[in-house]
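Right, one structure below, let's go through it.
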Amino acid sequence: MILRLDNVHTYYGKSHILHGVTLEVGPGEVVGLLGRNGVGKSTTLKSVMGLVRPAEGGVTFEGKSITGTPPHRVARLGVAWVPEDRRVFRLLTVLENLRTGLDRAGVDEARKRRLLDRAFTYFPRLGERKHQLGGTLSGGEQQMLAIARAMMLEPKIILLDEPTEGLMPRMVTEIRQIIDALHREGVAILLVEQNVPLTLDASNRVYIMEKGVIRHQAPAADLRQNMSVVHEYLGV
Amino acid sequence: MEQIIIQTVNGLVNGMILALVASGLTLIFGIMDVVNFAHGDLVMLGAFVGATTVATTGSFWIALVVAVLTIAIFGALLQVTTLRPLLGRDPLTTILATFGMSLVLQKYAIWQWGPTARAIREPISGQFTLFYLQYPWYRLGAALFAGLIIGALYLFLRRATFGVWIRASMQDRLMAQAMGIPVPLVHAVVFAIGAGMAASSGVLFGPLAGVTHNMGFDFTLRAFIVVVVGGMGNLGGSILAAIFISLLEAYASLIVTPAQAVIVSFVVLILTLLFRPTGLFVPTPK
Chain A
0 MILRLDNVHT YYGKSHILHG VTLEVGPGEV VGLLGRNGVG KSTTLKSVMG
50 LVRPAEGGVT FEGKSITGTP PHRVARLGVA WVPEDRRVFR LLTVLENLRT
100 GLDRAGVDEA RKRRLLDRAF TYFPRLGERK HQLGGTLSGG EQQMLAIARA
150 MMLEPKIILL DEPTEGLMPR MVTEIRQIID ALHREGVAIL LVEQNVPLTL
200 DASNRVYIME KGVIRHQAPA ADLRQNMSVV HEYLGV
Chain B
0 MEQIIIQTVN GLVNGMILAL VASGLTLIFG IMDVVNFAHG DLVMLGAFVG
50 ATTVATTGSF WIALVVAVLT IAIFGALLQV TTLRPLLGRD PLTTILATFG
100 MSLVLQKYAI WQWGPTARAI REPISGQFTL FYLQYPWYRL GAALFAGLII
150 GALYLFLRRA TFGVWIRASM QDRLMAQAMG IPVPLVHAVV FAIGAGMAAS
200 SGVLFGPLAG VTHNMGFDFT LRAFIVVVVG GMGNLGGSIL AAIFISLLEA
250 YASLIVTPAQ AVIVSFVVLI LTLLFRPTGL FVPTPK
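The listed protein sequences correspond, in order, to chains A and B. Anchor point for the first sequence: position 127 equals 126 in numbering that gives the first Met the number 0, and the numbering is continuous, going up by one each time. Anchor point for the second sequence: position 161 equals 160 in numbering that gives the first Met the number 0, and the numbering is continuous, going up by one each time.
Structure, rendered in structure tokens:
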């Protein structure tokens, strides 16, 4: 397993958000995490990233504990985070946004070129808007930039938080294609989504979360055959 | 008319030196949300280190480099030991902490260098005739040099990798960390840059007014006004505001005494806070 959460409890101040989350993601695997609003899906991703520190339980990445490791170290280990509100650096140009992940020790100019070229092949629109400020992009373009920025880290796993939220159907299709492309490249993805059909379609396995714990897990293929569990927990 | 031109030159010279102090202050506020009330005292320390180095080496330029490096390292240490543990707390705690630092630094300066004023001899002697005045070349040189330092900072922030890191951390600390930017290091370096710039203005200003242990407060106050008027955390705004306020004070001192002219700055500060709290030179207040 590349990523493993073991009985993770996380608090925001006094409110107990995660009540012992246990889940794992294999190398190159796409894992969906479904659940209603406010059940702790985003907090699960933040706990992996080290942006909130679990009070109990542990997170391991490639067999090593990363519980309590500062976020910038977690990122350098190969974990990238695409937050639900995108958090594009609004006053940085598209290129500068990408540079935040690209300018790392040990990445030479040729490799930087290759990474940028790859991003601009996936997202031609970002290439056209290279020198435009992040804040001037449309919602869909910002989502693309957030994903492209994460790819600059050459991550082994991407934590993708509601990438299709509020996007036009055409954009949703594009995001879907990117998930497949990353999957083909062997990048593992932990996908948090509200869009059930997309999640079942794109993932290998799916976890269903309720009130801060994992209630159910199954291969996505099984859930596609039998939606009753999904209906039961999500009411859709 | 002649007087107006002379005061314009004076205002620009003072404005550039003030901009040097204020840009460090605004950078530190922008990235850490810390109003550094000890900023003027870093100017003072820089001036003393400069004066001591001039006295021993005889070279103004060596003194400038030594003061900037010493105070930059000192600033980084100050940030790591005093401000880093307070990050994210109530602004009041950092205000009290930096105010405390200010008092400690002033007492240290008295203890170390005594209460009498020191002088730094100007590296460029000579004067030129500006109407009825013999105007020292050094004043123009100091303003030009201050402008060069600010220009270098601007280029650094625009182009350098570390500059991108600084701007990214300013906008979204959490996201910057998640992109692998070592934000704690960025904070220490920004404090070092701000402190170094403060020290450079102390050394540049030294030959104009002398160096005393209590010169810092005036700098803190004026830089603070500039930073508010220019828009907190807005570098370009701070530079414009420094020049704007210094010019206003210079013109006002044609009519009233220079001491009374300072009042103009406070009037501008209050009007800004009342009518444009995001800053005077921000194009569209959000």
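Note that CB positions come from ideal geometry on N, CA and C, so glycine has one too.
Anticipated Cβ contact below 8 Å, residue i with residue j, distance rounded
i, j, result
"B/Met-214", "B/Ala-46", "7 Å"
"A/Val-81", "A/Pro-162", "6 Å"
"B/Ile-180", "A/His-71", "6 Å"
"A/Val-87", "A/Leu-144", "5 Å"
"B/Ile-286", "B/Ala-191", "An answer regarding residue 286 of chain B cannot be provided, because it is not within the stretch 0 to 285 covered by chain B."
"B/Gly-278", "B/Gly-235", "Actually they do not touch by this definition, with Cβ atoms about 10 Å apart."
"A/Val-78", "A/Leu-158", "7 Å"
Residue i to residue j span [Cα, whole Å]
i, j, result
"B/Leu-184", "B/Thr-160", "14 Å"
"B/Val-34", "B/Phe-216", "14 Å"
"A/Ser-14", "A/Thr-43", "15 Å"
"A/His-230", "A/Leu-91", "42 Å"
"A/Arg-223", "A/Glu-209", "20 Å"
"B/Val-163", "A/Leu-132", "13 Å"
"A/Gly-12", "A/Val-38", "16 Å"
"A/Ile-213", "B/Ala-241", "57 Å"
"B/Pro-284", "B/Ser-237", "Unreliable placement is indicated for B/Pro-284, whose pLDDT of 42 sits below 50; the coordinate value is still reported in the next sentence. Using only the alpha carbons, I get a separation of about 15 Å."
"A/Val-30", "A/Val-195", "13 Å"
"B/Ser-252", "B/Tyr-131", "18 Å"
"A/Glu-184", "A/Lys-45", "24 Å"
"B/Gln-105", "B/His-212", "6 Å"
"A/His-182", "A/Gly-165", "23 Å"
"B/Phe-280", "B/Asn-233", "9 Å"
"B/Val-210", "B/Trp-60", "17 Å"
"B/Val-8", "B/Gly-146", "14 Å"
"A/Ala-74", "A/Arg-3", "16 Å"
"B/Leu-86", "B/Val-255", "43 Å"
"A/Gly-19", "A/Gly-211", "7 Å"
"A/Asp-102", "A/Arg-113", "13 Å"
Residue-level contact to chain B via CB, residue i, 9 Å cutoff
i, result
"A/Gly-100", "yes"
"A/Pro-82", "yes"
"A/Glu-192", "no"
"A/Phe-88", "yes"
"A/Met-48", "yes"
"A/Glu-108", "no"
"A/Glu-164", "no"
"A/Tyr-11", "no"
"A/Glu-95", "yes"
"A/Ala-219", "no"
"A/Pro-70", "yes"
"A/Arg-128", "no"
"A/Leu-91", "yes"
"A/Ala-147", "no"
"A/Arg-52", "no"
"A/Ala-187", "no"
"A/Gly-25", "no"
"A/Ala-118", "no"
"A/Arg-112", "no"
"A/Arg-103", "yes"
"A/Arg-223", "no"
"A/Arg-124", "no"
Min CB distance residue i to chain A below 9 Å
i, result
"B/Lys-285", "Note that B/Lys-285 has pLDDT 38, beneath the 50 cutoff, so the model's placement of it is unreliable and no number is given."
"B/Leu-173", "yes"
"B/Gly-278", "no"
"B/Ile-180", "yes"
"B/Gln-170", "yes"
First through last residue of the alpha helix (DSSP H) which encompasses residue i
i, result
"A/Gln-141", "138-150"
"A/Arg-113", "108-121"
"B/Glu-1", "1-31"
"A/Glu-231", "227-233"
"B/Tyr-134", "Unbroken run through B/Tyr-134 is the beta strand (DSSP E), 132-135; no alpha helix (DSSP H)."
"B/Ile-244", "234-254"
First through last residue of the beta strand (DSSP E) which encompasses residue i
i, result
"A/Ile-16", "14-24"
"A/Met-208", "204-209"
"A/Asp-5", "2-11"
"A/Pro-218", "212-218"
"B/Phe-127", "126-129"
9 Å Cβ cutoff, residue i in contact with chain C
i, result
"A/Leu-152", "Checking the listed chains, one finds no chain C in this structure; the protein chains it contains are A and B."
Proximal residues, the stretch 154-166 of chain B versus chain A, C-beta separation under 8 Å
Within the stretch 154-166 of chain B, the residues whose Cβ lies closer than 8 Å to some Cβ of chain A are Thr-160, Val-163, Trp-164 and Arg-166, listed in chain order.
Relative to chain A, which residues along the stretch 176-205 of chain B have a C-beta separation below 7 Å, given in chain order?
Per Cβ criterion, the list reads Gln-176, Ala-177, Met-178, Gly-179, Ile-180, Pro-181 and Val-182.
Going along the chain, which residues of the stretch 52-79 of chain B sit with their C-beta nearer than 8 Å to a C-beta in chain A?
So nothing in the stretch comes that close.
What residues in the stretch 158-182 of chain A bring their beta carbon closer than 7 Å to a beta carbon of chain B?
The stretch 158-182 of chain A vs chain B, Cβ under 7 Å: nothing.
In chain order, what residues of the stretch 200-218 of chain A put their CB closer than 7 Å to some CB of chain B?
Result list empty, no residue passes.
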